[in-house]
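Asks:
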Amino acid sequence: MNSVYIHIPFCLAKCHYCGFNSRPLRQPAELKKYFQALVREIAGHRNEIKDIKTIYLGGGTPTIASVALLGKAMNELRPWSSNAELTIEANPGTVTLEKLRFLRQMGFNRLSLGVQSFNDDLLKQMGRVHTGRQAANAFDLGSRAGFDNISLDLIYALPGQSLKDWKNDLEKALALGPRHISLYSLTYEKNTEFKKQKAEGRITPGDEETEADMYLEAVSRLDRAGLKRYEVSNFARKGFCSAHNINYWRAGDYLGFGAGAHSHRGGKRWSNMKNVERYLRSINGGQSPADFRETLSSEQQRFEALFLGLRMVRGIDIKEFQSKFGSSPLEHKPQVWLRWKEQGWAKWDKKYLRLTPKGLLLADGLAVDLV
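In this note's numbering, the protein residues as written are 815 to 1185.
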C-alpha cells in the first residue's frame, strides 16, 4: 500500500461551508484519546503498509494537535520511501514557527494552508478563525520553517464576492510564491451554516456566469504565473503536483485511518464510522471501525477510472487503462466520445484520452453521460 490518509476530525470552529466530517474540539483530552485509538488502528494494519509513497493528514485541522501526538501517529508509519510526499493541512490560525519547524523535522515536506480568501469580510462570513494577514504570515512561517512546497486552498463563488474581489485574492496568493494552488467553487452542503442561511434567505448565491468568469480568470492568471492546471481544480509549478491526489484521480489504492476515513484497495472500498465516540469505542473494543464496505463491479471500476481520470489535464493513459480493464476506454460508451468530440469537449490520440479546456469546464456535468 503506497498511499495513506489520516483524518483528524477536530477544528477550532466549524466553518460555514464545511461539509466534512469535523467538529470543534471540546477539550484537549479528546485529542489524546483520539490519537491513542488512531495509533492502535494504524498498528493493526502494519503488515499492509509498505514502501509508502504519500501520506496526507487532513481534517478538520490536523495542526490543532500537539507535535507529540502527531509524532506518535507518524512513527507508526515509518519507514516511508526516501522520496515520499508527506502533506499536512493547516489552518493559518493554528501554526507557529516552532510548530512548523518540528513538523518539518518530523518528515513533513508539503504544507497545505487552508487560506480560502485574503478578504477579511469574506473570511468572517465563512466563519474562518484567521485574517488575511495571518494567512500571509502563515505562508512566511512555513517558508522559514523549511517548507519549500506550500499549497494554498482558495474558495470562489462566495455570497457577495465580486470578480474584483476574486482577482485580488489571486494576486495576493501569487505574491506569496506558492508551488501549488487548489481552487474550490463554493457548494452548499447539507447540514452546513451556509446551507441554512441560503434556505432562510440570509445569503444569496452568486450567479453561474460570474462563477465561470472567476474560474476562467484563475486559469489564465495562474498559467501566466507559471502554475499550470493539471486537474480541474489544481494548479502547480513543474515538479510540484500533488502525488497523493494524483493517486486518487488514477483510481489507485490507499488506506485511510481515523473517524470517517475512506479506503480503497483491489476493487474494494470501505469507510470508518464518522462519529468520534463510536470510532473510539470500536477501536478500544478491538473491533473494526469500518461501518461501510462494498465490492465494486468491473463496470463500476471502469466508470470511476474514467470519471476520475478525465479530471486530469493529461487525461487517461489508454494503454494503461486497457491493461487494467482489458479494453480501451473508447470502447466504453463509444457514442458518448463521438458526441463529445463533435461538441469540442474531448479529444484523443494513440496515447491519451482527455477533455479539452472547454470540456474541463463541464467535467462534473459530463460524468453522467458515462453512467
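By construction, the Cβ of each residue, glycine as well, lies at the ideal position given by its N, Cα and C atoms.
1) Would C781 pass as a contact of Q948 if the rule is Cβ separation under 9 Å?
2) Report the residue ranges of all alpha helix (DSSP H) runs contained in full by the stretch 939-1006; include only those spanning at least 4 residues, in chain order.
3) Would D1178 and V1150 be called neighbours here (beta carbons separated by less than 9 Å)?
4) Output yes or no for whether 9 Å exceeds the beta carbon distance between L925 and S965.
5) In whole angstroms, what is the alpha-carbon distance linking F1054 and V909?
6) Between the C-alpha atoms of K981 and L891, what's the straight-line distance to the nearest angstrom?
7) Using a Cβ-Cβ cut-off of 8 Å (strictly less than) and excluding sequence neighbours within five positions of E1003, which residues of its own chain qualify?
8) Drop a sphere of 10 angstroms on the beta-carbon of N1059, count the other beta-carbons inside from all chains shown, and report buried for 16 or more, exposed for fewer.
9) Here's a check: name, in chain order, each residue in its chain whose Cβ is nearer than 7 Å to the Cβ of K1172, leaving out the five neighbours to either side.
10) N1098 and R854: beta carbons closer than 9 Å?
11) Can you tell me whether DSSP reads Y831 as helix, strand or coil?
12) Can you have a look at T1001 and say buried or exposed, based on whether 16 or more other CB atoms are within 10 angstroms of its CB?
13) Compute the Euclidean distance between the alpha carbons of Y998 and D1021, then round it to the nearest angstrom.
14) Given that a residue counts as buried once 16 or more other Cβ atoms are within 10 Å of its Cβ, and exposed if not, what is P1143?
15) How is R1125 classed by DSSP in three states: helix, strand or coil?
16) Measure from the alpha carbon of K1012 to the alpha carbon of each residue in T1024, E1031, A1026 and L972, then state which is nearest.
Replies: According to the data block:
1) The requested residue 781 is not part of the displayed model; the chain covers only 815 to 1185.
2) 946-958 and 977-990
3) Along the sequence shown, read from residue 1 onward, the residue named residue 1178 stands at position 364. Along the sequence shown, read from residue 1 onward, the residue named residue 1150 stands at position 336. The answer is no: Cβ separation not under 9 Å.
4) Taking the sequence shown and counting its residues from 1, one reaches residue 925 at position 111. Taking the sequence shown and counting its residues from 1, one reaches residue 965 at position 151. Yes; because the gap between Cβ atoms is below 9 Å, this pair is in contact.
5) Here the question's residue 1054 lines up with position 240 in the sequence shown. Here the question's residue 909 lines up with position 95 in the sequence shown. Looking at the two C-alpha atoms, the distance is approximately 23 Å.
6) For the purposes of this step, residue 981 is taken as the residue at position 167 of the sequence shown. For the purposes of this step, residue 891 is taken as the residue at position 77 of the sequence shown. Using only the alpha carbons, I get a separation of about 41 Å.
7) Start at 1 with the first residue of the sequence shown, and residue 1003 comes out as number 189. For E1003, where only same-chain residues beyond five positions count, the Cβ hits under 8 Å are Y831, C832, G833 and K1009.
8) Working through the sequence shown from its first residue, we reach residue 1059 at position 245. The residue is buried, with at least 16 neighbouring Cβ atoms inside 10 Å.
9) Along the sequence shown, one-based indexing puts residue 1172 at 358. G1158 and W1159.
10) As a working note, residue 1098 is residue 284 in the sequence shown. As a working note, residue 854 is residue 40 in the sequence shown. Taking 9 Å as the Cβ cut-off, N1098 and R854 qualify as a contacting pair.
11) Position 17 of the sequence shown holds residue 831. Three-state result, Y831: coil.
12) For this step, residue 1001 is matched to residue 187 along the sequence shown. Its Cβ having fewer than 16 others within 10 Å, T1001 is exposed.
13) What you label residue 998 is simply residue 184 of the sequence shown in a count that begins at 1. What you label residue 1021 is simply residue 207 of the sequence shown in a count that begins at 1. Cα to Cα, the separation comes out at about 16 Å.
14) Here residue 1143 refers to the residue found at position 329 of the sequence shown. Buried, by the Cβ-count rule.
15) Translated into the one-based positions of the sequence shown, residue 1125 becomes position 311. Here R1125 sits in coil by DSSP.
16) On the sequence shown, residue 1012 is found 198 positions in, with the first residue counted as 1. Ranking the options by Cα distance to K1012, first place goes to L972.
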